[in-house]
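Worksheet: the structure to be examined is printed underneath.
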Amino acid sequence: MTPAFAGRTGRWSAALLLVLLAGCTSFVNRPERPALFDMGTLPPLTQPVERPGPRFALVVPEIEAAGALEGSSVLYRLGYADDYQLRAYSQSRWSAPPPQLVRQRLRQQLGRERTVLNLDETASMARESNQPLYILRMELEEFAHVFDSPQRSRGVIRLRATLLASTPGGERLLDQRSIAVQGVAPTPDASGGVRALTEATDAAAADISQWLQQARQP
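Below is the structure:
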């Protein structure tokens, strides 16, 4: 082997080693992608929805929220240590901000028993009918996985719901109530919290449905 050939071989070996090291470094330092969660499919109806009488169509606008609830983090509280601090799971995210997911779930659940409309559909409906439109406005105040102990936790949702009648003279307040529901988390982690929050959201939808059936109309 000539000195020139040996030199070229050494340089190729060194270059190959650098490429391999760079590839290993890239693999080791590659950040892990957060797990994405939504609320899954609707649970099947255990019995047909009863329709004792005509139920008014309902408009459900975007749900209002503020602070950390505007993001996509899965939030939790350590109630046994510091209930006043809201934390976020580092490797778990909602597929959309909680107000959007909660609204979608509520619309799906309420839509099983009545017509549910978007806000932009009300103009055409108002032109075609002299009947008042009913609007359900909601504020999401709490949506978090709460730990009562390291192994025992629950999903907590708290909403403020306002029922309005949209008439030619403007919106008229019919009723308002606060809804607070919780679901038991099957596991003490983000996945368990997501399942508990989904269960709580479904229970909130059932509460809202019952409330709407009792709400007075103008």
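Terminal number for the sequence shown in the working numbering: 221, no gaps in between. Beta carbons are placed, not taken as given, at the ideal position from N, Cα and C, and that holds for glycine. Keep in mind that this is a model prediction, so the values were computed, not measured.
Which residue from the options puts its Cα closest to that of residue i?
i, options, result
"residue 215", "38, 47, 138", "138"
"residue 124", "35, 153, 213, 62", "62"
"residue 178", "98, 147, 164", "164"
"residue 104", "46, 213, 155, 146", "146"
"residue 169", "114, 152, 122", "122"
"residue 69", "83, 162, 110, 40", "162"
"residue 191", "157, 42, 49", "157"
Please classify residue i: is it buried, with 16 or more other beta-carbons within 10 angstroms of its beta-carbon, or exposed?
i, result
"residue 205", "buried"
"residue 28", "Reliability fails at residue 28, whose pLDDT of 49 lies under 50, so the model's placement of it is uncertain and no value is given."
"residue 30", "Low confidence applies here, because residue 30 scores a pLDDT of 46, under 50, leaving its location unreliable; read the following figure in that light. Exposed."
"residue 44", "exposed"
"residue 197", "buried"
"residue 185", "buried"
"residue 201", "buried"
"residue 180", "exposed"
Who does residue i pair with in a DSSP beta bridge?
i, result
"residue 38", "95"
"residue 137", "61, 168"
"residue 293", "Limits of the chain in this structure are 4 at one end and 221 at the other, which puts residue 293 out of reach."
"residue 162", "143, 182"
Tell me which same chain residues have a C-beta within less than 6 Å of the C-beta of residue i, skipping the five on either side of it?
i, result
"residue 118", "60"
"residue 210", "182"
"residue 270", "Since the displayed the chain opens at 4 and closes at 221, residue 270 lies outside it and no answer follows."
So, at 7 Å on beta carbons, what are the nonlocal neighbours of residue i in its own chain, with the 5 sequence-adjacent residues on each side left out?
i, result
"residue 8", "In this predicted model, residue 8 has a pLDDT of only 44, less than 50, meaning its place in the structure is not dependable; the value taken from the coordinates is given anyway. Same-chain partners within the cutoff: there are none."
"residue 218", "166, 177, 178"
"residue 189", "195, 198"
Could you tell me the distance, in whole angstroms, from the CA atom of residue i to the CA atom of residue j?
i, j, result
"residue 176", "residue 77", "34 Å"
"residue 95", "residue 36", "9 Å"
"residue 89", "residue 148", "10 Å"
"residue 300", "residue 101", "The chain is shown from 4 up to 221; residue 300 falls before or after that span and cannot be answered."
"residue 113", "residue 99", "20 Å"
"residue 85", "residue 150", "10 Å"
"residue 171", "residue 120", "19 Å"
"residue 39", "residue 97", "5 Å"
"residue 110", "residue 187", "23 Å"
"residue 155", "residue 193", "13 Å"
"residue 136", "residue 108", "21 Å"
"residue 153", "residue 143", "26 Å"
"residue 72", "residue 160", "11 Å"
Grab me the residues of residue i's own chain with a C-beta within less than 8 Å of its C-beta, minus the 5 sequence neighbours each way, in chain order.
i, result
"residue 106", "63, 65, 66, 141"
"residue 212", "112, 113, 116"
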